[in-house]
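Peer 1: Residue numbers (the working numbering), protein chains in the order written: chain P, 457 to 704; chain R, 11 to 153.
Cβ coordinates follow ideal geometry from the N, Cα and C atoms, glycine included.
Being a predicted model, the structure only gives us computed values, none of them experimental.
This is the structure I want to talk about, given as structure tokens.
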Amino acid sequence: MLEETVPEIFKPFEMTTELPGTADPEQALEMDEFQRYDEAAEQGTEAYSISQGEYTESGLYVPGHVEEINPEVAEFDPEMRELSCELDTWIEQKEPMSCAVASQTMAINQLEHGAYSEQELIDLARENGWYTSNGTLPRDVGKIAESMGAEVERRRGVEPSELTLANDPTVKVLANIDSTLLHFPESDKRCKPDHCVQVLRVENTTQGEFVILNDPGHEGGRGAVYPMEVFAKAYRGDITTIRKEREV
Amino acid sequence: MNGEDLMEQLLNCDQAMEHIPLELQATVPLPWAGEGRAVACWYYRLDSHSGDVKIYSPALRVIWDADKMAVVHTQTLQPVLLGSGQDVLGPAHRQREDAYLNGPLTDYLTRGAADGVADSWLAAAPSALRPWLWEALRQVHYV
Numbered sequence: 457m458l459e460e461t462v463p464e465i466f467k468p469f470e471m472t473t474e475l476p477g478t479a480d481p482e483q484a485l486e487m488d489e490f491q492r493y494d495e496a497a498e499q500g501t502e503a504y505s506i507s508q509g510e511y512t513e514s515g516l517y518v519p520g521h522v523e524e525i526n527p528e529v530a531e532f533d534p535e536m537r538e539l540s541c542e543l544d545t546w547i548e549q550k551e552p553m554s555c556a557v558a559s560q561t562m563a564i565n566q567l568e569h570g571a572y573s574e575q576e577l578i579d580l581a582r583e584n585g586w587y588t589s590n591g592t593l594p595r596d597v598g599k600i601a602e603s604m605g606a607e608v609e610r611r612r613g614v615e616p617s618e619l620t621l622a623n624d625p626t627v628k629v630l631a632n633i634d635s636t637l638l639h640f641p642e643s644d645k646r647c648k649p650d651h652c653v654q655v656l657r658v659e660n661t662t663q664g665e666f667v668i669l670n671d672p673g674h675e676g677g678r679g680a681v682y683p684m685e686v687f688a689k690a691y692r693g694d695i696t697t698i699r700k701e702r703e704v
Numbered sequence: 011m012n013g014e015d016l017m018e019q020l021l022n023c024d025q026a027m028e029h030i031p032l033e034l035q036a037t038v039p040l041p042w043a044g045e046g047r048a049v050a051c052w053y054y055r056l057d058s059h060s061g062d063v064k065i066y067s068p069a070l071r072v073i074w075d076a077d078k079m080a081v082v083h084t085q086t087l088q089p090v091l092l093g094s095g096q097d098v099l100g101p102a103h104r105q106r107e108d109a110y111l112n113g114p115l116t117d118y119l120t121r122g123a124a125d126g127v128a129d130s131w132l133a134a135a136p137s138a139l140r141p142w143l144w145e146a147l148r149q150v151h152y153v
């Protein structure tokens, strides 16, 4: 009788708790995997492995690379899962001056799990005057993502230490850097950013601080790893952050 | 304002963000004819992605009003590959730039003295760019 007259929202709330692994076989499996992850973490298992960067005789710095992400860690760690996705979306820029378009293509595809080609976005940028044969005006970096509904912020004077914001899986960070100084960090050249890259992560380890980039400028740019002191020489604090704002 | 300050402002001012493509490098500023303190900069591509440094002729010439940090005039140019830009990596290139900024350019900015400035300005440019820049100055009777 009571069941028929009392509105649904006033019915007593019944909370059911079920210990993971006690009923659902899938949950049992997940719990087992979680325990293995926990054990791996305790044993100091690396989330990913990187190769070592090195200087050549000409003073060229050849960056290290993220070689492999531990799939067990990636399964449970959203940051590592996102890093894996970011590496998968790396592209080499199609045109000599299209670095900002290529970087936005990567960022948009990561946020949207999309499959935009750089050419599609080059065409869009050309139509809107955001990209010419001479490249992209600094004020226009991020305009493609903005036009597709993303929340874009261009910031100046951002300290290298603040770039850890790229570790947040929901934020994509594009940085303007001096490509010559990134390749030749010991050079005396005056720093004038002329290239756009995506900062994927900043890590502080016992071996020092390093930056992981998706650099569209050369074939070895996927997950390129630079010591922070090398990156900082090429960086003046100009970044563009891209966040998913609404469905695009 | 000295020459070093002016160079920094020309690279980082709001007008530069609105008029100069990210991908281009800049020559040091050259005193130019015009009202107030005008300077000219040429903007060019330096490509080091393949592991060596290649330099292209300028893609853009911009005349600046150095007092207002405002773009007065822009001219788009057709860039061509000039050759190696490896010398921009060495200390000698930076020393010539600094000497020009702190010497002749600062003299121009503080005392209006621009006589004979072209030679030291050309010397402060990357070596592969100098003949192209000299020809550009010759065409406007600067040299």
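If I measure Cβ to Cβ from R:Asp62 and keep anything under 8 Å in the same chain, skipping five residues before and after, which residues do I get?
Peer 2: Cβ neighbours of R:Asp62 beyond the five flanking positions: Ser94 and Gln96.
Peer 1: Using a Cβ cut-off of 8 Å, pull out every chain R residue sitting near P:Ser559, in sequence order please.
Peer 2: Simply none; closest approach about 11 Å.
Peer 1: Could you give the uninterrupted runs of the alpha helix (DSSP H) lying entirely in the region 512-588 of chain P, keeping only those of 4 residues or more?
Peer 2: Segments of the alpha helix (DSSP H) lying fully in the region 512-588 of chain P: 527-532, 534-544, 555-568 and 574-583.
Peer 1: Could you please give the first and the last residue of the uninterrupted beta strand (DSSP E) stretch that includes P:Leu630?
Peer 2: Run containing P:Leu630: Val627 to Ile633, per the beta strand (DSSP E) assignment.
Peer 1: Taking only beta-carbon positions, decide if R:Pro114 is within less than 8 Å of chain P.
Peer 2: Cβ-Cβ to chain P under 8 Å: no for R:Pro114.
Peer 1: What residues of chain P sit near R:Met11, judged by a beta carbon separation below 8 Å?
Peer 2: By Cβ distance, chain P contributes nothing, its closest Cβ being about 17 Å from R:Met11, past 8 Å.
Peer 1: Against P:His639, what residues of chain R qualify as contacts under a CB-to-CB distance less than 9 Å, listed in chain order?
Peer 2: Ser58, His59, Gly61 and Val63, listed in chain order.
Peer 1: Would you please state the rounded distance, in angstroms, between the beta carbons of P:Asn670 and P:Gln654? I believe it to be under 8 Å.
Peer 2: Yes, they are in contact, since the Cβ atoms of P:Asn670 and P:Gln654 sit about 4 Å apart, within 8 Å.
Peer 1: Starting from R:Ala48, trace the beta strand (DSSP E) in both directions and tell me its first and last residue.
Peer 2: Residues Ala48 to Tyr54.
Peer 1: For P:Ile600, report the span of its alpha helix (DSSP H) as first-last.
Peer 2: Start and end: Lys599 to Ser603.
Peer 1: Please say whether P:Cys652 and P:Cys555 have beta carbons closer to each other than 8 Å?
Peer 2: Cβ distance < 8 Å, so P:Cys555 and P:Cys652 count as in contact.
Peer 1: Between P:Tyr504, P:Asp544 and P:Ser643, which lies nearest to P:Gly515 when the distance is taken from Cα to Cα?
Peer 2: Closest option to P:Gly515, Cα to Cα, is P:Ser643.
Peer 1: Between R:Ala138, R:Val153, R:Ala135 and R:Asp24, which has its C-alpha nearest R:Trp74's C-alpha?
Peer 2: Taking only the C-alpha atoms, the option nearest R:Trp74 is R:Asp24.
Peer 1: Measuring CB to CB, does P:Ala622 end up less than 8 Å from P:His521?
Peer 2: Contact flag unset, no.
Peer 1: Quick check on the burial criterion: 16 or more other C-beta atoms within 10 angstroms. Buried or exposed for R:Gln85?
Peer 2: Per the 10 Å Cβ criterion, exposed.
Peer 1: Does any C-beta atom of chain P lie closer than 8 Å to the C-beta of R:Val98?
Peer 2: Yes, contact with chain P.
Peer 1: Does P:Gly570 pass the burial test, meaning 16 or more other C-beta atoms within 10 Å, or should it be called exposed?
Peer 2: P:Gly570 comes out exposed.
Peer 1: Would you call the CB atoms of R:Arg80 and R:Ala48 closer than 8 Å?
Peer 2: Note that residue 80 of chain R is Ala in the sequence shown, not Arg. Result no, Cβ atoms of R:Ala80 and R:Ala48 do not sit closer than 8 Å.
Peer 1: Could you say which of R:His151, R:Ile65 and R:Leu119 lies nearest to R:Thr37 if we only look at CA atoms?
Peer 2: Nearest option by C-alpha distance: R:Ile65.
Peer 1: Name the one or two DSSP bridge partners that R:Ile30 has.
Peer 2: Partner(s): none; R:Ile30 has no beta bridge.
Peer 1: Considering only heavy atoms of the ligand FMN, does any lie closer than 7 Å to the CB of R:Trp74?
Peer 2: In the structure on display, the ligand FMN does not appear, and there are no ligands present to speak of.
Peer 1: Would you mind reading off the limits of the beta strand (DSSP E) that contains P:Thr661?
Peer 2: Taken as a continuous stretch (DSSP letters only), the beta strand (DSSP E) holding P:Thr661 covers His651 to Thr661.
Peer 1: Between the alpha carbons of P:Glu524 and P:Phe666, how many angstroms are there, rounded?
Peer 2: Straight-line Cα distance between these residues: approximately 17 Å.
Peer 1: Determine the extent of the beta strand (DSSP E) in which R:Arg112 is found, giving its start and end residues.
Peer 2: Just to set this straight, residue 112 of chain R is Asn in the shown sequence, not Arg. Here R:Asn112 belongs to no beta strand (DSSP E), and DSSP marks it neither H nor E.
Peer 1: Using 8 Å as the threshold, is the C-beta distance between R:Pro89 and R:Ser67 below it?
Peer 2: Yes, the pair counts as a contact, with Cβ atoms nearer than the cut-off.
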